[in-house]
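Notes for the one structure printed next.
Numbering (UniProt numbering), first residue to last: 1 to 480.
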């Protein structure tokens, strides 16, 4: 157990205190407890080996400056000097001991002096906190100690050497797509474990009676084009990754094939690959469906004792008939399908029927939005926007030019711009000014005026009082 001894000296500004020893429990290889500071200062938290302590160097001048820390301490996975000292002490079977020798300075800028003892060697260092002083002393001890140091552990070897989080199967899929060759995985059944049935009552057969369980190993066959690879692993996914890594090592340096197989050959290969992952019964039903042939399975015989039943199933596919036998109905049905498949594969291939392409004529537009008479009853703003969309041109741009008049007699001036054409409109509010500007632009472009909306514009411009009566405001007279 490492200990920190706190001592007082005669030249301290604080009242004398009795020496106090606080135990530092080392709960793990990378954790070291710390004592509380003296004279009411804030205690420091425990140091962790997994996270370095930033700013260990003390900027204040001292008679014995600490040695510089390691440059790689910025990495959070690197170990701190105190952690390395603990490993060094465990390797040499000694206990590191930290002593607080001195504490000086005001409360806001205290300086602590810590002494580290390793066997018969001692080192002293200063810091603005006890923790920083301890780290500085530990760093100094690591650089100057004569004790034998433990050999560093080698880094863990990653099974997947691919950069990032890309798995070998994903990388192989991308390479196979570039080559135009699909990557097909087929699980392989492991070899059966031999069962040694010996006379258990025979003396000397202890080792045969109690066998250790053999770990299960999965095997996978990978086919990429004309190449085959085999992988093994503790899980099926690990076996797939192993096979994919072998395929990557073999195919990465090979050139990409230029000539692709013909459509017919490629179609046959893909169909065979698809059928390899299907059961024989499913393939029989698919062939019968394509050729419009009826399929029927029938159990025609059942024999044997209850614990050793034997079933015979007959399958009929059109003119073809086959039988299969097994110790279960499912197995006998599968064997019957395997037998009839040999006959169905001898049938001539079906003719390829190309579907006629449907041609749709585009209907002519019955409404011409660009005509001069289009949208006479519409809002001028919407009408102008639709005309620009029909012409596939830029939509009109509206800008508020000015706002004048008394608070209750406002007058707004709005400008609209389309290409090089610019018009303005005025009104008691922005909405009416914008509408009038759009109406002026329509007239300037050669379109007919939106006459039905003029009445609405006049109605919107009328102001009504709280009881619904029209309140008219006298027009401002300009005296020139």
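Ideal Cβ positions, reconstructed from N, Cα and C, are used throughout, including at glycine.
- Proximity to residue 296 across 337, 315, 178 and 176 peaks at 315, based on C-alpha coordinates.
- The segment 78-92 and the segment 104-111 do not touch, with fewer than 3 CB-CB distances between them shorter than 8 Å.
- Judged by DSSP secondary structure, residue 249 falls within the alpha helix (DSSP H) whose first and last residues are 236-251.
- Beta-bridge pairing by DSSP links residue 116 to 98 and 123.
- Exposed is the label assigned to residue 347, since fewer than 16 other Cβ atoms lie within 10 Å of its Cβ.
- Assigned with DSSP and collapsed to three states, residue 279 falls in coil, not helix or strand.
- The straight-line gap separating the alpha-carbon atoms of residue 95 and residue 119 is approximately 7 Å.
- According to DSSP, residue 417 shares a beta bridge with 397 and 422.
- For a cut-off of 8 Å, the C-beta gap from residue 431 to residue 398 is around 11 Å, too long to register as a contact.
- At the C-beta level, residue 171 and residue 248 come within 9 Å of one another.
- Across the structure, residue 184 and residue 319 are spaced so that their CA atoms are roughly 35 Å apart.
- Within 10 angstroms of the beta-carbon of residue 383 lie 16 or more other beta-carbons, which makes it buried.
- As DSSP reads the structure, residue 183 sits in a beta bridge with 224.
- If you draw a straight line from the Cα of residue 254 to the Cα of residue 277, it comes to about 28 Å.
- In the same chain as residue 423, and ignoring 5 residues on each side of it, the C-beta atoms closer than 6 Å to its own belong to 416, 437, 440, 441 and 444, in chain order.
- Ranking 244, 343, 86 and 81 by CA distance to the CA of residue 175 puts 244 first.
- Here residue 280 is near residue 338, since their CB atoms are less than 9 Å apart.
- For the 9 Å CB-CB criterion, residue 224 and residue 188 do not form a contact.
- Proximity to residue 353 across 326, 309 and 290 peaks at 290, based on C-alpha coordinates.
- With fewer than 16 neighbouring CB atoms inside 10 Å of its own CB, residue 144 falls in the exposed class.
- The beta carbons of residue 301 and residue 327 sit about 13 Å from each other, so the pair does not count as a contact at 8 Å.
- Judged by beta-carbon spacing, residue 101 lies within the 9 Å limit of residue 124, meaning their Cβ atoms are closer than that value.
- For residue 381, the closest C-alpha among the options 396, 218 and 167 is that of 396.
- For residue 301, the enclosing beta strand (DSSP E) begins and ends at 295-303.
- Shown here for residue 239: same chain residues with a beta carbon closer than 7 Å to its own, the five before and five after excluded, namely 218, 219, 220, 231, 232 and 233 in chain order.
- Within the model, the alpha-carbon separation for residue 335 versus residue 285 is close to 15 Å.
- By the neighbour-count definition (other C-beta atoms within 10 Å, threshold 16), residue 304 is an exposed residue.
- Out of 131, 167 and 345, the CA that lies nearest to the CA of residue 80 is found in 131.
- Your pair residue 82 and residue 138 checks out as a contact, with CB atoms roughly 5 Å apart and the cut at 8 Å.
- Beta bridge pairing from DSSP links residue 315 with 297 and 322.
- By the neighbour-count criterion, in which a residue is buried when 16 or more other Cβ atoms sit within 10 angstroms of its Cβ, residue 177 is exposed.
- As the crow flies, the alpha-carbon of residue 426 is around 17 Å from that of residue 450.
- In the three-state DSSP reduction, residue 232 falls in the strand class (E or B).
- It is roughly 11 Å from the alpha-carbon of residue 107 to the alpha-carbon of residue 129.
- Comparing alpha-carbon positions, the option among 85, 87, 135 and 350 lying closest to residue 292 turns out to be 350.
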